[in-house]
């Protein structure tokens, strides 16, 4: 089994709108690809989104590295953090808030479910 895996955004692409009941602003769409998957617990790939905002609730860990664009994460108590190209961040399980894309963005991600 190979122990080193490239994440290049070359997995099968899946395009989808954000479900209407979660949209807070605009009509955002996402495109996601999975380059690595292990035991339905760990995923890595590339994700992009158009401008808009939607509610999120995380049960998983996610590491993100922004390749293009800009986003803002707003917690349920109103705290805002902005990220743009070159930034990396981690979202912990239990995060509830709003994911807002300010400029069309692309990120690489690793998601882990406990």
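Numbering (the numbering used here), first residue to last: 509 to 622. Where a beta carbon is used, it is the ideal one built from N, C-alpha and C, also for glycine. Computed from a predicted model, the values in this text were never measured in an experiment.
Who are the near neighbours of residue 596 in its chain, counting only those whose CB is closer than 6 Å to its CB and skipping five residues on each side? Walking along the chain shown from the start, residue 596 turns up at place 88. Within its own chain, the residues whose Cβ lies closer than 6 Å to the Cβ of residue 596, once the five positions on either side in sequence are excluded, are 573, listed in chain order.
Within its chain, find whatever has a CB closer than 6 Å to the CB of residue 567; leave out the 5 residues flanking it on each side and keep chain order. Working through the chain shown from its first residue, we reach residue 567 at position 59. Same-chain partners within the cutoff: 601.
Ignoring anything shorter than 3 residues or poking outside the segment 549 to 584, list the beta strand (DSSP E) runs there in chain order. Restricted to the segment 549 to 584, the beta strand (DSSP E) segments that are unbroken, complete and at least 3 residues in length are 550 to 557, 560 to 565, 569 to 583, listed in chain order.
Just the C-alpha distance for residue 546 and residue 513, rounded to the nearest angstrom, thanks. Position 38 of the chain shown, counted from the start, is the residue given in the question as residue 546. Position 5 of the chain shown, counted from the start, is the residue given in the question as residue 513. For residue 546 and residue 513, the gap between their C-alpha atoms comes out near 11 Å.
CA-to-CA distance, residue 579 to residue 541, given in whole angstroms: As a working mapping, residue 541 is identified with position 33 in the chain shown. As a working mapping, residue 579 is identified with position 71 in the chain shown. In this structure, the CA atom of residue 541 is about 19 Å from the CA atom of residue 579.
Spatial neighbours of residue 556 within its chain, please: CB distance less than 6 Å, with the 5 preceding and 5 following residues excluded, ordered by chain position. Looking up residue 556 in the chain shown gives position 48. Excluding sequence positions up to five before and after residue 556, its CB lies within less than 6 Å of the CB of 539, 614, all in the same chain and listed in chain order.
Can you tell me whether residue 528 is buried or exposed? The criterion is at least 16 other CB atoms within 10 Å of its CB, across all chains shown. Counted from its first residue, the chain shown places residue 528 at position 20. Under this definition residue 528 is an exposed residue.
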